[in-house]
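Visitor: Would you mind keeping the following structure in view while I ask a few things?
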Amino acid sequence: MEIRLDPSVTPLDLNHTLGCGQVFRWAREGDWWYGVAGGKALKIGLFGDRLRFQASPTGGDTSHFVGRYFRLDDDLPLIASEINRDEHIDAALQAFHGLRIVRQEPWECLVSYACATYKNIPAVKGMIHSLSRRFGERITLEGRPFHAFPRPEDLAGADPKELRECGLGFRAGRILEIAGLVAEGEFDPEGLRGADCEAARRRLMSLPGVGPKVADCVLLFSLDRLDAFPVDIWVRRIVLESYPDHFEQSFIEKVLNRKSITPGEYREIGSFARRYFGRYAGYAQEYLYHYKRSSKTISISLSRPSDY
DNA sequence: ACATCCCCTTAGCC
DNA sequence: AGGCTAAGGGGAT
Numbered sequence: 005m006e007i008r009l010d011p012s013v014t015p016l017d018l019n020h021t022l023g024c025g026q027v028f029r030w031a032r033e034g035d036w037w038y039g040v041a042g043g044k045a046l047k048i049g050l051f052g053d054r055l056r057f058q059a060s061p062t063g064g065d066t067s068h069f070v071g072r073y074f075r076l077d078d079d080l081p082l083i084a085s086e087i088n089r090d091e092h093i094d095a096a097l098q099a100f101h102g103l104r105i106v107r108q109e110p111w112e113c114l115v116s117y118a119c120a121t122y123k124n125i126p127a128v129k130g131m132i133h134s135l136s137r138r139f140g141e142r143i144t145l146e147g148r149p150f151h152a153f154p155r156p157e158d159l160a161g162a163d164p165k166e167l168r169e170c171g172l173g174f175r176a177g178r179i180l181e182i183a184g185l186v187a188e189g190e191f192d193p194e195g196l197r198g199a200d201c202e203a204a205r206r207r208l209m210s211l212p213g214v215g216p217k218v219a220d221c222v223l224l225f226s227l228d229r230l231d232a233f234p235v236d237i238w239v240r241r242i243v244l245e246s247y248p249d250h251f252e253q254s255f256i257e258k259v260l261n262r263k264s265i266t267p268g269e270y271r272e273i274g275s276f277a278r279r280y281f282g283r284y285a286g287y288a289q290e291y292l293y294h295y296k297r298s299s300k301t302i303s304i305s306l307s308r309p310s311d312y
């Protein structure tokens with residue numbers, strides 16, 4: 005199957021989009037990306053203006069799913085023009101033309117970013133991969149095994165020891181607790197979509213292992229809150245170093261010299277970003293984040309997992 | 001080889 | 001409010 009994309013209207017770059025660190029379930033093989041999303045194994049590639057893909061199991065409207073997943077409904081040229089306020093973000097926008105925020109499933113996104121606490125991206129990928137292989141439904145695509153992300157009830161009934169064996173460490177108990185609440189219907193990640201943004205954020209932060217940063221990631225990457233602005237160690241540095249005129253000098257020194265930031269400092273950086281970049285601040289975050297990291301990171305994983 | 005630091009942070013304590 | 005610390009383990013330096 006394929007979708008035609010006019011690059012001037014709907015720019016898309018799969019390498020930037022799937023490789024920027026926002027999703028943990030994709031791997032590139034030559035011209036194709038293989039991954040799992042929405043309970044399906046997917047193979048996808050962009051050839052000129054043709055976005056080609058294949059899904060397993062077949063059934064359902066895959067084109068519709070792909071369009072939603074890659075947020076092809078976002079007017080990226082408009083978004084880029086709105087957030088392009090200065091030379092820093094302009095450089096990032098040019099370098100990663102076609103990078104899109106993807107629309108993940110809230111449940112998977114919540115668990116993924118709760119696992120990402122104090123872990124680097126390769127490690128998070130390893131955790132999500134292990135969890136899926138052990139607890140997720142097995143799917144076959146082109147004769148190769150893939151694994152859906154586990155359902156809440158799959159994890160809720162797990163032995164904490166098993167979760168730790170997936171590399172979760174101290175996160176195991178938190179994930180187990182979250183899974184229990186979701187499986188019992190006491191917490192509905194999908195239902196947050198209809199809630200007021202601040203209320204959704206508070207709800208998320210009521211969960212164990214979910215602080216401001218994780219909550220903002222879930223809002224941005226799965227709940228369509230494109231003004232959410234997750235502030236991690238990289239974004240903190242980027243914002244304070246690139247936009248020093250918008251903060252007190254003492255604030256910059258204090259925040260850059262410490263390992264962690266207080267909730268008040270987190271709020272100050274986020275509210276600056278929303279004021280400065282506007283309603284698509286989350287897109288600005290992702291471009292700046294990827295731009296800064298790609299210049300410092302040379303590592304490209306050459307490992308080929310035997311399955312997903 | 002080996003030590004050390006870092007990691008898309010949070011929670012719990014003071 | 002805000003400062004401090006601990007928490008797997010793997011990868012980078």
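To get the working numbering, take the position in the first sequence, counting from 1, and add 4.
Each residue gets a CB set at the ideal place from its N, CA and C atoms; glycine is no exception.
Can you pull the DSSP bridge partners for H92?
Guide: The partner list for H92 (beta bridge, DSSP) is empty, contrary to what the question assumes.
Visitor: Counting only runs that start and end within the stretch 153 to 231, where is the alpha helix (DSSP H) found for 4 or more residues in a row?
Guide: Qualifying alpha helix (DSSP H) stretches, in chain order: 156 to 160, 164 to 169, 175 to 187, 201 to 209 and 216 to 226.
Visitor: Which same chain residues end up closer than 6 Å to D220 when comparing Cβ atoms and leaving out the 5 residues on each side of it in sequence?
Guide: A232 and P234, listed in sequence order.
Visitor: Could you round the C-beta distance between A204 and L230 to whole angstroms and report it? I think they count as a contact, below 8 Å.
Guide: Contact doesn't hold; Cβ gap of about 14 Å is too wide.
Visitor: Whose C-alpha, out of I87, P126, H92 and H133, is nearest the C-alpha of E284?
Guide: First, the residue type needs correcting, since residue 284 is Tyr and not Glu in the sequence shown. Selected option, being the one with the closest Cα: I87.
Visitor: For K123, name the three-state secondary structure that DSSP assigns.
Guide: Looking at K123 - three-state DSSP - the assignment turns out to be coil, as it is neither helix nor strand.
Visitor: Round the Cβ separation of R168 and A176 to the nearest angstrom and send it over; I've been treating them as touching at under 8 Å.
Guide: Right, their Cβ atoms sit about 5 Å apart.
Visitor: Mind pulling the alpha helix (DSSP H) runs of 4 or more residues that sit fully within the stretch 235 to 266?
Guide: As far as the stretch 235 to 266 is concerned, its whole alpha helix (DSSP H) runs of at least 4 residues are 237 to 246 and 253 to 260.
Visitor: Please say whether H20 and F100 have beta carbons closer to each other than 8 Å?
Guide: Yes, the pair counts as a contact, with Cβ atoms nearer than the cut-off.
Visitor: Give the secondary structure of H151 by DSSP, where H, G and I count as helix, E and B as strand, and everything else as coil.
Guide: H151 falls in the strand class under three-state DSSP.
Visitor: Measure the Cβ-Cβ separation of A45 and F153 and say whether it is below 8 Å.
Guide: Their beta carbons are not under 8 Å apart, which means A45 does not touch F153 by this criterion.
Visitor: For the stretch 10 to 61, which segments carrying the beta strand (DSSP E) assignment without a break, of at least 3 residues, lie completely within its bounds, in sequence order?
Guide: Runs found: 30 to 33, 36 to 41, 44 to 51 and 54 to 60.
Visitor: Would you grab the beta carbon distance between G184 and D158 for me? Rounded to a whole angstrom, and I think it's under 8 Å.
Guide: G184 to D158, Cβ: 12 Å. No contact.
Visitor: Counting only the same chain and skipping the five closest in sequence on each side, list residues whose C-beta sits under 7 Å from that of D78.
Guide: Around D78: R104.
Visitor: Consult DSSP for E6 and reduce its assignment to one of helix, strand or coil.
Guide: Reduced to three states, the DSSP call for E6 is strand.
Visitor: Exposed or buried, what is S116 when buried is set at 16 or more other beta-carbons lying within 10 Å of its beta-carbon?
Guide: The residue in question, S116, is buried, as its Cβ has 16 or more Cβ neighbours within 10 Å.
Visitor: Can you tell me which of the three DSSP states R75 falls into?
Guide: Coil at R75, not helix or strand.
Visitor: Is the separation between the beta-carbon of V186 and that of P156 shorter than 8 Å?
Guide: Contact: yes.
Visitor: Please look up how many angstroms separate the CB atoms of R107 and R72, rounded, as I've assumed it's under 8 Å.
Guide: Right, the Cβ-Cβ distance comes to about 6 Å (below 8 Å), so this counts as a contact.
Visitor: Secondary structure at L145, three-state DSSP: helix, strand or coil?
Guide: Residue state, collapsed to three classes: strand.
Visitor: Quick one: residues in its chain with C-beta nearer than 6 Å to the C-beta of V218, no 5 flanking neighbours on either side, listed in chain order?
Guide: Within the same chain, V218 has close Cβ partners Y117 and A118.
Visitor: Can you tell me whether Y270 is buried or exposed? The criterion is at least 16 other CB atoms within 10 Å of its CB, across all chains shown.
Guide: It is buried - the Cβ of Y270 has at least 16 other Cβ atoms within 10 Å.
Visitor: Tell me whether V106 sits in a helix, a strand or coil according to DSSP, three-state version.
Guide: Of the three classes helix, strand and coil, the one that applies to V106 here is coil, per DSSP.
Visitor: I think I143 touches P61, with their Cβ atoms under 8 Å apart; what is that distance to the nearest whole Å?
Guide: I143 to P61, Cβ: 7 Å. Contact.
Visitor: Can you find the residues in the same chain that come closer than 7 Å, C-beta to C-beta, to S305, ignoring five residues on each side of it along the sequence?
Guide: For S305, the pLDDT reaches just 38, beneath the cut-off of 50, and the residue's location in the model is therefore unreliable, although a value from the coordinates is still provided. Excluding positions up to five away in sequence, the list reads P126.
Visitor: If we call anything under 8 Å between Cβ atoms a contact, is Y291 one with A96?
Guide: It is a contact, given that the beta carbons lie within the stated cut-off.
Visitor: On a Cα-Cα basis, can you pick out the residue from F255, L244 and K263 that is closest to Y293?
Guide: Minimum Cα distance to Y293 is reached at L244.
Visitor: Please return the same chain residues whose Cβ sits closer than 6 Å to the Cβ of S226, not counting the five positions on each side in sequence.
Guide: The answer, listed in chain order, is Q108, P110 and C113.
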